[in-house]
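Undergrad:
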Amino acid sequence: MPMQRCFVLLCLILLAAGCQSGTTSIVLSNQEFVRKFSTPPAAAVGTNEAPQEAVGPALIAPGMLIQVVVAEDASWNRQYMVPVSGNVDILGMGRTMVTGLTPDELAKKIKMSLERDFLQKATVTVTIEAAPAGAAAPPGAVNVGGGGGGVVYVLGNVGRPGPLMLPRDQVFTLTKVIIAAGGISTFGNGAQVRILRYDSSGKKFETRVNVDRIMKRGEFEKDIPIENGDWIIVPEKWINF
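Residues in the sequence shown are numbered from 1307 upward in steps of one, following our numbering.
1. Going by the CB atoms, is the gap between V1458 and T1481 shorter than 8 Å?
2. List, from N- to C-terminal side, the alpha helix (DSSP H) runs of 4 residues or more that fit wholly inside the stretch 1455 to 1504.
3. Taking contact to mean at least 3 C-beta pairs separated by less than 8 Å, is the stretch 1489 to 1498 in contact with the stretch 1516 to 1531?
4. For the beta strand (DSSP E) containing F1403, list its first residue and its last residue.
5. Quick check: the Cα distance between Q1564 and G1488, rounded to an integer number of angstroms?
6. First and last residue of the beta strand (DSSP E) that includes L1371?
7. Measure the beta-carbon distance from K1509 to L1502 and round it to whole angstroms, keeping in mind my assumption that it falls under 8 Å.
8. Report the rounded CA-to-CA distance for I1538 versus E1512, giving the unit in angstroms.
9. If you check the beta carbons only, do V1394 and G1369 fall under 8 Å apart?
10. Note the first and the last residue of the continuous beta strand (DSSP E) segment covering E1512.
11. Using 10 angstroms around the beta-carbon of I1332, count the other beta-carbons present and answer buried if the total reaches 16, otherwise exposed.
12. Taking the beta carbon of G1468 as the centre, do at least 16 other beta carbons fall within 10 Å, making it buried, or is it exposed?
13. With a CB to CB cut of under 7 Å and the five nearest residues on each side skipped, what residues in its chain are close to G1392?
14. Tell me where the beta strand (DSSP E) around I1416 begins and ends.
15. I'd like to check one pair, E1421 with K1414: are the Cβ atoms closer than 8 Å?
16. Could you tell me if G1400 is buried or exposed, where buried requires 16 or more neighbouring beta carbons within 10 angstroms of its beta carbon?
Below, the structure is given as structure tokens:
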């Protein structure tokens, strides 16, 4: 349990940093969120095409290989594989939670650290060299129904936080994802589950769902379909009895 609580705290720190970096979410009601993303992409009928990548700026996630390049000094250049925990030991910064950041956001953090402690000037570029997609599961991913339908990332107070491979041949909803991730833990706030999603212009949208009510009352008509690339965050209760 202490490790899980530590993971949740790191997630909260990451989200706060994201807000400060100008990547704040546009918060929608559940109905507005569903309407916003209700237009289906053109279907590839009768083909075996892999699902399209999630739109918007890429977020660093477990299973990705990222490359850091410092133009002024190649000795700082490194490649890092992001583990399921999301923590990477970055040269010049130490252990850093990179999951949920865009490459540009991580580059800015590295630049600040290097210019503060090591270099007079640091021009830093971060790129994603390899990313899990389609049927290729990230290390530690939970595979649901054969996979192939994309990847979502479940963070916070669930039994098994981490990447989750979606089935290709069925609509997967938020409650199904929560169940596949081991359910909401004792310290999880199931009344404030967050879904984060980017649109085609790169804007980040968020809705908060009362999963507890949906599951306890059987109100599954209020469940929300999950898409490839979504981030699902189960926060911690402020008071636990």
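Glycine included, C-beta positions come from ideal geometry on N, C-alpha and C. Computed from a predicted structure; not experimentally measured.
TA: Short version:
1. no
2. 1480 to 1486
3. yes
4. First, the amino acid is wrong: residue 1403 is Met here, not Phe. Where M1403 is concerned, the enclosing beta strand (DSSP E) stretches over G1400 to M1403.
5. Because the chain here runs from 1307 to 1547, residue 1564 falls outside it and cannot be looked at.
6. L1371 to V1376
7. Contact doesn't hold; Cβ gap of about 11 Å is too wide.
8. 10 Å
9. no
10. K1510 to V1515
11. So I1332 ends up on the exposed side.
12. buried
13. P1368, M1403, V1404 and T1405
14. That residue, I1416, is in no beta strand (DSSP E); its alpha helix (DSSP H) goes P1409 to D1423.
15. no
16. Under the 10 Å beta carbon count, G1400 is surrounded by fewer than 16 other beta carbons and is classified as exposed.
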